[in-house]
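J.:
Numbering (my numbering), first residue to last: 5 to 143.
1. List in chain order: all unbroken alpha helix (DSSP H) runs of 4+ residues lying wholly within the segment 65–123.
2. So, with DSSP's three-state summary, where would you put residue 140?
3. Mind checking who residue 21 pairs with in its DSSP beta bridge?
4. Give me the DSSP bridge partner(s) of residue 26.
5. Which residues bound the beta strand (DSSP E) around residue 15?
6. Suppose contacts are defined by Cβ-Cβ distances below 7 Å. Is residue 117 in contact with residue 87 by that definition?
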């Protein structure tokens with residue numbers, strides 16, 4: 005399986021974990037994103053276990069990510085979806101560094117778009133690369 009995928013298991017979905025991320029997580033800002041992240045050493049409610057299903061092995065730890073484009077900034081759903089798709093693509097292609105740095109830890113990241121302007125893919129990609137690099141250095 006390719007390493008450049010964004011599977012359902014890599015998306016942050018648990019409301020309990022999302023609430024904890026926004027309450028306890030560390031935050032920062034790299035234009036045009038506000039980001040929050042939380043690294044857990046121990047395995048808790050959202051962590052995966054080592055499971056072997058045929059030839060695919062899911063290892064404990066990893067990175068879960070949430071993408072948010074608030075209606076407050078972009079009113080039209082198609083514009084929010086465009087920005088979200090660009091952010092997901094930039095993350096998908098650049099996630100190798102953060103996944104390697106995370107190791108066995110469970111890292112949760114929320115990327116919140118924070119401007120009314122729709123930026124080009126290049127701008128979004130540069131911002132996400134900087135965010136992932138900064139989080140990797142702080143792990």
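From the three backbone atoms N, C-alpha and C, an ideal C-beta is built for every residue, glycine too.
T.: In brief:
1. 81–98 and 100–106
2. The residue you call residue 140 lines up with position 136 of the chain shown. Residue 140 falls in the helix class under three-state DSSP.
3. In the chain shown, residue 21 corresponds to position 17, counting from 1. Residue 21 is not bridged to any residue.
4. Along the chain shown, read from residue 1 onward, the residue named residue 26 stands at position 22. Bridge partners of residue 26: none, in fact.
5. What you label residue 15 is simply residue 11 of the chain shown in a count that begins at 1. Per DSSP, residue 15 belongs to no beta strand (DSSP E) and is neither H nor E.
6. Taking the first residue of the chain shown as 1, we reach residue 117 at position 113. Taking the first residue of the chain shown as 1, we reach residue 87 at position 83. Between residue 117 and residue 87, the gap from beta carbon to beta carbon is short of 7 Å.
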